[in-house]
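K.L.:
Encoded as structure tokens, here's the structure I'll be asking about.
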Amino acid sequence: MGEKGLKTSISSIWGCGVCCKMSLWCRFRWRWNHSFRVLSLSSPFFFFLGSFFVVTVIGFAFFRLMISPFRNPNLDSFGCRPDSEGSWSIGVFYGKSPFSLSPIELENRKDDSSSAWPVANPVFTCASVMDAGYPSNFVADPFLYIQGYNLYMFFETKNSITMQGDIGVARSVDQGVTWEYLGIALDEEWHLSYPYVFNYHGQIYMMPEGSERGDLRLYRATEFPLLWTLEKVLINRPLIDTSLIQYEGYHWLFTSDFSRFGTKDNAELEIWYSNSPLGPWKQHKRNPIHKSNRSLGARNAGRPFIYEGFLYRMGQDCGDTYGRRVRVFKVETLTTEDYKEVPVPLGIEELNKGCNAWNGFRYHHLDAQQLPSGDWIAVMDGDRVPSGDLTHRVLVGCMVVLLLVTLITVVGFLVGALNCIVPPIWSMTSSRRNDSSWFRARPLYNSKIRRSLSCLIRCCSAVRARLSPSRCSGMLVLCLLCVTGAVLVCVAVQFLFGGNGAEEAFAFKGHYSQFTMLTMTYEARLWNLKLYVKHYSRCASVREIVVVWNKGTPPNLEDFDSAVPVRVRVEEHNSLNNRFKVDPLIKTRAVLELDDDILMTCNDLERAFRVWREHPERIVGFYPRLLEGSPLEYRDERYARKRKSYNAILTGAAFMDSEFAFKRYWSEEAREGRAIVDHYFNCEDVLMNFLFANASSSRTVEYIHPAWAIDTSKLSGAAISRNTQMHYRIRTNCLSKFSAIYGPLSPQKWEFAGREDGWDV
């Protein structure tokens, strides 16, 4: 073969023709094409591609079924996003003294414009700031300034764009029931929080925490409440959460300096004193008062106050996590040379709903002040997750993903899609030509490494042989690994995309509210009732659970594990009409009638409650029915979906107006219908639908689709309606009787999937 033929052959081998002349570009292109073909056709490539597809399908299915239905659609894309600092919001409390404060929902304050009866905490959230056009992730550190009948609340709002704390301000003209966000009162180049506002000699001052700047600054209002100017720098120290009060001839500063040597964060307390808030300030001789125990309440938690001649200081218990709870300390001795304080009970009952409550996990700030009427009002912030929760969830999620990748690699090795690859040079016979100088100088190490690698290869081969998919043992191990992988996928999705696990309430027109749950049962279904109470009492908007006891010996309240009050109403006669009896002890406008054998998520309840607040004149429930035909016939949900419409709601799982519905059911007009209910021991919900439909020409029912629901009577063997067909025939008979008494049912029907949020699909 001549020189020309040799070049032609080589060029053919490189795959680029004679014209390439063995150029560097041709060689690079051949190597790239060859490598891509090998990669695209290799079993490891297809194995990882298939694994990625399977993992994606499992993760997406888990997200759609278990996470997506519980996501709150009220959250704005530019704010209200919980971060590592939490998702703080603000609530209002009232009382005759600072030690008898109760939340606003127990005061039965109303706001008819948003169907909030009663208005419930939190009354101010990041959404309140967002609705006014200011991006915010949370609101915290509230301080009140009382000006006649107007309440001004200054607070930290964390800007969701700059991730910096600014000082916002809101106003209330109805003693804290509703709040109007006014805007940003103070915005500096550094983080601001803890806006302590006070009046001195007719001037309004603010002393915010700005420790990033390295000093403590005092601002004066030039146009209250939105314009402030720097008055002076009080102390050139990075003081944190500083509170001021005048007591026994001096003005006292309670503050913290975490830069002091040997001090733990959130564990240091200092005292300064002066003849004037403007200074000069002197240190207390015992500084630091505390410096090592985070649970002692060293860091301030709000405005100190004087009650019945005694001074009280608010402090944060940070023992478990930052801002776990507020503690109150009674100051027994306060002089320029000595200080002594003792803890006293706060008097605010903690909620037991966990992360479902707005302040279920921590609350770290309280400002209590006396109103002109003599009563006390307080604002408190709260959070449903511990400090650093988001960081923790991301870290755990990433670790699970790493474990999942390792598991997939192991599965690939067992099925033969992947091999234990060891560079050939590591297992070759040692020679001076291919060994490095380090190995030539240390032949003993070279030999040990080769023996170890050889042993590793033999072990891997043995394991693969024993766990081959062709063997029963290998197939069993492979199935277990696949199941474990599916579980890891779900865990990773839950930690990375599932949020904090809270089933939160839904706001309507900026307000939250509460409802009463009512169920009717008897002694044979006590097991269902205990499970019912334990589960639903943790739902965010549930205020009370009323048990209508129709038959048998009533249970003791101590038998229930409940986070809310439980009231057992014992009836004299066993009647289904007792379900809708007028009950003056019910303190909420909304009542959820829910059978004790229905178990669904708190999120489903919260969604339906949100819809009912949009239309409180309707029955809003979870089980649609279709009453149609001539004569009328009672049809179930399956039939209604075939007809793509419904006109009735099963009241055994529905929200309604406690005043309107119950009074109408027990009116003289409904007397004959109640007699039919007693005769058949059935049809009470059919009668309620008739009464609603004939009382209005507009829509009277609305359906919400639950994510899932479990019939617990199947587990306990205490089902009420065992013969479904007979049950429906009785209800059809009731329909004819009700039609004869109250006239024909309205012909209006409503289609499924009519809501924009998709809650009625």
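Numbering (my numbering), first residue to last: 1411 to 2171.
Ideal placement from N, C-alpha and C gives every residue a C-beta, glycine not left out.
Quick caveat: nothing in here was measured; it's all calculated off a predicted structure.
1. Where does Ala2063 land, buried or exposed, given buried means 16+ other C-beta within 10 angstroms?
2. What is the residue span of the alpha helix (DSSP H) that Val1465 lies within?
3. Can you tell me where the beta strand (DSSP E) with Lys2175 in it begins and where it stops?
4. Is DSSP giving Arg2051 helix, strand or coil here?
5. So what does Glu1619 bridge to, in DSSP terms?
6. Helix, strand or coil for His1700 per DSSP?
7. State yes or no: is the C-beta of Ser1497 within less than 9 Å of the C-beta of Asn1910?
8. Sorry if obvious, but does the Cβ on Glu1633 come closer than 8 Å to a heavy atom of the ligand SAM?
9. Can at least three beta-carbon pairs, one atom from the segment 2041-2050 and one from the segment 1950-1964, be found at a separation below 8 Å?
10. Tell me the DSSP secondary structure of Ser1421 in three-state form.
11. Excluding the five sequence neighbours on either side, which residues of its own chain have a C-beta within less than 6 Å of the C-beta of Ser1603, listed in chain order?
12. Helix, strand or coil, according to DSSP, for Met1790 in the structure here?
13. If we count the other Cβ atoms within 10 Å of its Cβ and call it buried at 16 or more, is Ala2163 buried or exposed?
14. Express the C-alpha separation of Ser1523 and Asp1799 in angstroms, rounding to a whole number.
15. Please report the straight-line C-alpha distance between Cys1490 and Tyr1946, rounded to a whole angstrom.
16. Whole angstroms is fine: what's the gap from His2089's alpha carbon to Gly2031's?
17. Return the Cβ separation of Thr1731 and Pro1796 in integer angstroms, given the expectation that the two are a contact with Cβ distance under 8 Å.
18. Looking at Val1789: is its Cβ nearer than 9 Å to the Cβ of Gly1501?
19. What's the C-alpha gap between Pro2195 and Val1583?
20. What would DSSP say about Phe2072, mapped onto helix, strand or coil?
21. Looking at the unbroken alpha helix (DSSP H) that takes in Asn1960, where does it start and where does it end?
22. Do Phe2102 and Phe2065 come within 9 Å of each other at the CB atom, strictly closer than that value?
23. Compute the distance between the beta-carbons of Ser1454 and Gly1822, then report whether it is under 9 Å.
24. At the level of alpha carbons, what is the spacing between Thr2061 and Gln1557?
25. If you compare alpha carbons, which of Ala1631, Asn2143, Arg1953 and His1983 is closest to Ser1972?
26. For Val1992, I'd like the list of residues in its chain whose CB is within less than 7 Å of its CB, leaving aside the five on either flank, ordered along the chain.
27. Which residue from Gly1505, Ile2029 and Asn2143 puts its Cα closest to that of Ile2114?
28. So what does DSSP say about Asn1609, is it helix, strand or coil?
29. Pick helix, strand or coil for Met1930, following the three-state DSSP scheme.
30. Taking DSSP as the reference, what is the three-state secondary structure of Ser2175?
31. What whole-angstrom Cβ distance do His1774 and Ala1677 have, given they're in contact under 8 Å?
32. Below 8 Å CB to CB, which residues in the same chain sit around Ser2108 once its five sequence neighbours on both sides are set aside?
33. Report all residues from its chain with a CB closer than 7 Å to the CB of Glu1590; omit the five preceding and five following residues, and keep chain order.
34. Just reading off the beta strand (DSSP E) that Arg1630 is part of, what are its end residues?
35. In its own chain, which residues sit with a C-beta less than 7 Å from the C-beta of Thr1639, not counting the 5 before and 5 after it?
36. What does a CB cutoff of less than 7 Å around Ala1912 pick up in its chain, not counting 5 residues either side in sequence?
P.N.:
Reading it off the structure:
1. Buried.
2. From DSSP, the alpha helix (DSSP H) with Val1465 extends over Ser1453 to Phe1472.
3. The structure shown does not extend to residue 2175, since the chain is modelled only from 1411 to 2171, so the question has no answer here.
4. Helix.
5. Paired residue(s): Ser1603.
6. His1700 falls in the strand class under three-state DSSP.
7. It is a contact, given that the beta carbons lie within the stated cut-off.
8. You won't find the ligand SAM in this model; it holds no ligand whatsoever.
9. Output reads no: the segment 1950-1964 does not touch the segment 2041-2050.
10. For Ser1421, the pLDDT reaches just 43, beneath the cut-off of 50, and the residue's location in the model is therefore unreliable, leaving the point undetermined.
11. Excluding positions up to five away in sequence, the list reads Asp1551, Glu1566, Gly1575 and Glu1619.
12. DSSP places Met1790 in strand when its eight states are reduced to three.
13. Exposed.
14. Here the C-alpha atom of Asp1799 lies approximately 36 Å from the C-alpha atom of Ser1523.
15. Each residue's Cα considered, the two are about 26 Å apart.
16. Between the alpha carbons of His2089 and Gly2031 lies a gap of roughly 26 Å.
17. That belief holds up - the Cβ atoms of Thr1731 and Pro1796 are roughly 4 Å apart, short of 8 Å.
18. Between Val1789 and Gly1501, the gap from beta carbon to beta carbon is short of 9 Å.
19. Nothing can be reported for residue 2195, as the shown portion of the chain is limited to 1411 through 2171.
20. Phe2072: helix per DSSP, three-state reduction.
21. Asn1960: not part of any alpha helix (DSSP H); member of the beta strand (DSSP E) spanning Val1952 to Lys1961, first to last residue.
22. Cβ distance not < 9 Å, so Phe2065 and Phe2102 don't count as in contact.
23. It should be noted that the sequence gives Pro, not Ser, for residue 1454. Between Pro1454 and Gly1822, the C-beta gap is smaller than 9 Å, which places the two residues in contact.
24. Whole-angstrom Cα-Cα distance: 48 Å.
25. With respect to the C-alpha of Ser1972, the residue from Ala1631, Asn2143, Arg1953 and His1983 having the closest C-alpha is Arg1953.
26. Result list for Val1992: Phe2072, Lys2073 and Trp2076, in chain order.
27. The residue with the shortest Cα to Cα distance from Ile2114 is Ile2029.
28. The three-state reading of DSSP puts Asn1609 in strand, counting E and B together.
29. Per DSSP, reduced to three states, the secondary structure at Met1930 is strand.
30. Only positions 1411 to 2171 of the chain appear in this structure, which leaves residue 2175 out of reach.
31. Actually they are not in contact, since the Cβ atoms of His1774 and Ala1677 sit about 14 Å apart, beyond 8 Å.
32. Glu2027.
33. Hits under 7 Å: Ala1580 and Arg1581.
34. Where Arg1630 is concerned, the enclosing beta strand (DSSP E) stretches over Leu1626 to Glu1633.
35. Counting only Cβ-Cβ distances below 7 Å, and skipping sequence neighbours, we find Tyr1629, Arg1630 and Thr1632.
36. Within the same chain, Cys1765, Asn1766 and Arg1794 come within 7 Å of Ala1912 by CB-CB distance, once the 5 residues on both sides are set aside.
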